[in-house]
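Take a look at the structure below.
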Amino acid sequence: MAPCTQMGSSHLSRGLLLLWALLGTGLCHVGAEAEGFSQDARTSPPVTMFNWTAQLVEEMYTNITQKCWEYFVDLMRNVTASELCEWKVISRPYSLLQACLEESADRLRYGSPNALAEQYIFQSHHRYFHNCTLEHRVYFDPPEDVLLAMIIAPI
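Shown next as structure tokens:
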């Protein structure tokens, strides 16, 4: 890995950490020995073989989703309490959390939506957005039998 350098902003290094967590874990097998080749391993073409068990995928996805959550929490530190219900302010962190959870599940062929991703989405709503209400009341049609009676009844 490249040596760490001091940067003016920590956002780049966090972004690289997230990228490493999403792409690096378990995908590179540095120092692995090639077995079962009759030729010298240096002249054999590289063979990539992933023999991931369900348990390994589960563990990888759990670790990645934790990093997605930590990144979301870090982004939400920049949002003031009065801005928590403003979609234009929170849409970016929320969308990044959702994309991180879904894309990492897709890459691992874990399946999406899934219980772990839903848990983090519910956790975000409970922690940050539980006091948000709709600005305008939403009106729904009454039940069909009431609507029919209102249509038929004379004015």
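So the sequence shown is residues -34 to -1, 1 to 121, counted in mature numbering (1 follows the signal peptide of the UniProt record, and there is no 0).
Each residue gets a CB set at the ideal place from its N, CA and C atoms; glycine is no exception.
| request: Use the C-beta contact count for MET116: other C-beta atoms within 10 angstroms, 16 or more gives buried, fewer gives exposed. | output: As a working note, residue 116 is residue 150 in the sequence shown. Its Cβ having fewer than 16 others within 10 Å, MET116 is exposed.
| Alpha-carbon spacing of THR14 relative to GLN32, whole angstroms | Taking the sequence shown and counting its residues from 1, one reaches residue 14 at position 48. Taking the sequence shown and counting its residues from 1, one reaches residue 32 at position 66. With a pLDDT of only 40 at THR14, under the threshold of 50, the placement of this residue in the model should not be trusted; the figure read from the coordinates follows. So the alpha carbons of these two residues sit roughly 28 Å apart.
| said: Do PHE38 and LEU74 have their beta-carbon atoms positioned less than 9 Å apart in this structure? | reply: For the purposes of this step, residue 74 is taken as residue 108 along the sequence shown, with counting starting at 1. For the purposes of this step, residue 38 is taken as residue 72 along the sequence shown, with counting starting at 1. Going by C-beta atoms, LEU74 is not nearer than 9 Å to PHE38.
| query | Roughly how many angstroms lie between the CA atoms of GLN21 and TYR27, to the nearest whole one? | reply | Counting from 1 along the sequence shown, the entry for residue 21 is found at position 55. Counting from 1 along the sequence shown, the entry for residue 27 is found at position 61. GLN21 and TYR27 have their C-alpha atoms roughly 10 Å apart.
| Can the beta-carbon of CYS98 be found less than 9 Å from the beta-carbon of CYS66? | Here residue 98 refers to the residue found at position 132 when the sequence shown is read from its first residue. Here residue 66 refers to the residue found at position 100 when the sequence shown is read from its first residue. No, Cβ-Cβ distance for CYS98 and CYS66 is not below 9 Å.
| message | Taking 7 Å as the limit between beta carbons, can you name the residues of its chain near residue 122, skipping five residues before and five after? | response | Residue coverage of the chain in this structure runs from -34 to 121, which leaves residue 122 outside it and unanswerable.
| said: Let's see if you can read the secondary structure: which residues bound the alpha helix (DSSP H) around THR31? | reply: Taking the first residue of the sequence shown as position 1, residue 31 is located at position 65. In this chain, the alpha helix (DSSP H) harbouring THR31 covers 20 to 42.
| query | Going by Cα to Cα distance, which pick from ALA119, VAL112, VAL23, GLU52 is closest to SER70? | reply | Counting from 1 along the sequence shown, the entry for residue 70 is found at position 104. Ranking the options by Cα distance to SER70, first place goes to VAL23.
| task | Report all residues from its chain with a CB closer than 6 Å to the CB of ALA47; omit the five preceding and five following residues, and keep chain order. | result | Here residue 47 refers to the residue found at position 81 when the sequence shown is read from its first residue. Listed in chain order, the non-local C-beta contacts of ALA47 below 6 Å within the same chain number zero, local neighbours out to five positions each way being set aside.
| Does the Cβ of SER10 have 16 or more other Cβ atoms within 10 Å, making it buried, or fewer, making it exposed? | Counted from its first residue, the sequence shown places residue 10 at position 44. Note that SER10 scores 38 on pLDDT, short of 50, meaning its location in the model is unreliable; the coordinates nonetheless yield the value given after this. Exposed, since its Cβ has fewer than 16 Cβ neighbours within 10 Å.
| task | Please report the residue range of the alpha helix (DSSP H) in which GLU69 lies. | result | Residue numbering aside, residue 69 sits at position 103 when the sequence shown is read from its first letter. 53 to 73 is the span of the alpha helix (DSSP H), which, as asked, contains GLU69.
| request: With DSSP collapsed to three states, give me the class of ALA81. | output: By 1-based counting over the sequence shown, the position of residue 81 is 115. Reduced to three states, the DSSP call for ALA81 is helix.
| query | Helix or strand or just coil, what does DSSP make of LEU114? | reply | Locating residue 114 in the sequence shown gives position 148, counting from the first residue. Of the three classes helix, strand and coil, the one that applies to LEU114 here is helix, per DSSP.
| said: Can you look up TYR86 in the DSSP assignment and give me helix, strand or coil? | reply: Within the sequence shown, numbered from 1, the residue matching residue 86 stands at position 120. Of the three classes helix, strand and coil, the one that applies to TYR86 here is helix, per DSSP.
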